[in-house]
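Peer 1:
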Amino acid sequence: MKAEKRTIVGRYLIYGLLDPRDQSLRYIGKTHKRRELRLKEHIEEAKEGTHRPVHRWIQELLSEGHEPQIFIWRRISPEQDWGDAERAAIGYWRTFSDPLPYLHPPQTPKSQPVLIRSVDLTNIRGGG
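Each residue of the sequence shown is one higher than the last, beginning at 1 in UniProt numbering.
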């Protein structure tokens with residue numbers, strides 16, 4: 001009998017993808033991987049020709065010589081429900097009414113502040 005392989009997760013990241021052309025927030029997601037790896041996966045999936053809205057947007061960026069920018073919105077401990085956190089972030093940004101631009105503070109030691117000039121989410125689901 002094969003032993004089930006399990007990944008031990010030290011934390012989850014709720015992240016956003018920005019359009020570098022206009023600094024618009026286009027997508028919210030979650031990952032337990034490094035943000036650079038998750039961004040690379042999004043780009044590879046878009047190149048494979050999937051038709052999810054986020055991948056169509058990334059395909060458009062790539063065709064113009066750009067790549068999305070990724071930033072960390074929140075760190076979530078493994079004990080917390082990442083699905084709830086992702087849904088909350090999507091809901092927050094879908095109803096965001098504060099004046100823009102918004103300067104998001106760093107959330108991890110390697111993060112930089114991120115300027116968000118507009119919000120135009122491609123998320124087709126509410127997360128989770």
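In this text, a Cβ means the ideal position worked out from N, Cα and C, and glycines have one as well.
Using 10 angstroms around the beta-carbon of T31, count the other beta-carbons present and answer buried if the total reaches 16, otherwise exposed.
Peer 2: Working through the sequence shown from its first residue, we reach residue 31 at position 31. The residue is buried, with at least 16 neighbouring Cβ atoms inside 10 Å.
Peer 1: Hey, out of E48, L61, P53, I76, whose CA is closest to L121's CA?
Peer 2: To locate residue 121, count along the sequence shown from 1; it is residue 121. Of the candidates E48, L61, P53, I76, the one whose C-alpha sits nearest the C-alpha of L121 is P53.
Peer 1: Just curious, the beta strand (DSSP E) that Q59 is in, first and last residue?
Peer 2: Locating residue 59 in the sequence shown gives position 59, counting from the first residue. Premise fails: Q59 lies in the alpha helix (DSSP H), 53-63, not in any beta strand (DSSP E).
Peer 1: Could you work out which residue in S63, P113, L39, P99 is closest to L17 when comparing CA atoms only?
Peer 2: Reading the sequence shown from its first residue, position 17 is the one you call residue 17. Among S63, P113, L39, P99, the Cα nearest to that of L17 belongs to L39.
Peer 1: Would you grab the beta carbon distance between F96 and V119 for me? Rounded to a whole angstrom, and I think it's under 8 Å.
Peer 2: On the sequence shown, position 96 is the one that residue 96 refers to. On the sequence shown, position 119 is the one that residue 119 refers to. With 8 Å as the limit, F96 and V119 qualify as a contact, their Cβ atoms being about 5 Å apart.
Peer 1: With 16 other CB atoms within 10 Å as the buried threshold, where does Y92 fall?
Peer 2: Taking the first residue of the sequence shown as 1, we reach residue 92 at position 92. By the neighbour-count rule (16 or more Cβ atoms within 10 Å), Y92 is not buried but exposed.
Peer 1: Name the DSSP bridge partner or partners of D75?
Peer 2: For this step, residue 75 is matched to residue 75 along the sequence shown. Checking the sequence, you will find Arg at residue 75 rather than Asp. Answer is L13, bridged to R75.
Peer 1: May I ask you to verify whether the region 80-92 touches the region 41-56, counting CB pairs closer than 8 Å and requiring at least 3?
Peer 2: Touching, no.
Peer 1: At a cut of 8 Å, does the region 54-69 reach the region 100-111 through at least three beta carbon pairs?
Peer 2: In short, these stretches do not touch, since the Cβ pair count stays below three.
Peer 1: Taking the continuous alpha helix (DSSP H) assigned at H42, which residues delimit it?
Peer 2: As a working mapping, residue 42 is identified with position 42 in the sequence shown. Taken as a continuous stretch (DSSP letters only), the alpha helix (DSSP H) holding H42 covers 35-47.
Peer 1: Using C-beta distances below 8 Å, list every residue in its chain close to S24, excluding the 5 sequence neighbours before and after it, in chain order.
Peer 2: Position 24 of the sequence shown holds residue 24. Excluding sequence neighbours, S24 sits near L18, I116, R117, S118, V119, D120.
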